[in-house]
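Heads up, the thing below is written out as structure tokens.
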Amino acid sequence: MAVLIKIFQISFFVGVGLTLISLVFGNLLDLLHFDTPDIDVDLDGGGGGILFSPLVIVIFLTVFGGIGMILSKSSTISIGILIIIASGLGITISYIIDRFVIRALKKAQNTSAPEEDELIGLAAKVNETILENGFGEITYFIHGNSFVAPAKSVNSIQIKKGCEVSICWIKEHIFYVTPISMPLK
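Written out as structure tokens, the structure is:
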């Protein structure tokens, strides 16, 4: 039993240590604007199985070791059952975190705001009338997401709410637009 407790302790502290190292060095590299590559090995070809990434392995080690250390304090649980429970909870919690947290964050990262170059020539709709020599507001859709932005007319003309416009350029976060169609009354 002493060897098993040592295995649980090593697993737990390696998991916690790697998490802390990742946190410290990840933030340090971000501050230095050093881009690190993603290291994920998807063993099932992206079909929805468990993703064996370093992060998932670290989560498993931490949970496996922590649960094993906690349950090893009980004298009523046999070694075999203890290993099964610690392994089962480690796999389950790793899968849940991967499936519902890591993958959701990766998906959200892929739907980030578009580059300005992608927006030039894009159609938009006026939400708030763009005043003559003034500002208004537009909504545009790209990559399945809608965005709202302040807008100004290219020709300094008034463009009423509901008009379709085309984005001509963007300067200092102001979208310069020209009308495509007028709203039906």
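Residues in the sequence shown are numbered from 5 upward in steps of one, following my numbering. The beta carbon of each residue, even a glycine, is placed where N, CA and C say it ideally should be. Computed from a predicted model, the values in this text were never measured in an experiment.
Quiz item: Would you call the stretch 130-142 and the stretch 156-165 in contact, with 3 or more CB pairs under 8 Å?
Solution: Yes, since at least three Cβ pairs between the stretch 130-142 and the stretch 156-165 fall closer than 8 Å, the two stretches touch.
Quiz item: Which first and last residues belong to the alpha helix (DSSP H) in which Phe64 is found?
Solution: Its alpha helix (DSSP H) spans residues 58-75.
Quiz prompt | Length of the line joining the Cα atoms of Ser170 and Thr182 | solution = Each residue's CA atom was taken as its position, placing Ser170 and Thr182 some 5 Å apart.
Quiz item: To which residues of the same chain is Gly92 closer than 6 Å at the C-beta, ignoring the five residues directly before and after it?
Solution: Same-chain partners within the cutoff: there are none.
Quiz item: I think Leu65 touches Val18, with their Cβ atoms under 8 Å apart; what is that distance to the nearest whole Å?
Solution: Contact annotation, Leu65 with Val18: C-beta distance approximately 6 Å; criterion of less than 8 Å satisfied.
Self-check item: Sequence-distant residues of the same chain with beta carbon closer than 6 Å to Gly53, five excluded per side
Solution: Residue confidence is low: Gly53 scores 46 on pLDDT, short of 50, so the model does not pin down where it sits. Its coordinate-derived value is still stated next. Taken in chain order, the list of residues that qualify is empty.
Practice problem: Tell me, please, which residues DSSP counts as bridged to Ser91. | Solution: None; Ser91 has no bridge partner.
Quiz prompt | Cβ neighbour criterion (16 or more within 10 Å) applied to Val67 | solution = When all chains shown are included, Val67 counts as buried.
Quiz item: How many angstroms separate the CA atom of Gly21 from the CA atom of Phe145?
Solution: Taking the Cα positions, Gly21 is about 44 Å away from Phe145.
Self-check item: Val62 vs Ile106 beta-carbon contact at 9 Å
Solution: Pairing Val62 with Ile106 gives a Cβ-Cβ distance that is not under 9 Å.
Practice problem: With a 10 Å radius around its C-beta and 16 neighbouring C-beta atoms as the bar for buried, classify Leu86 as buried or exposed. | Solution: Buried, because 16 or more other Cβ atoms sit within 10 Å of the Cβ of Leu86.
Quiz item: Is it the case that the Cβ atoms of Gly69 and Ile14 are separated by a distance below 9 Å?
Solution: One thing to note: Gly69 has its Cβ within 9 Å of the Cβ of Ile14.
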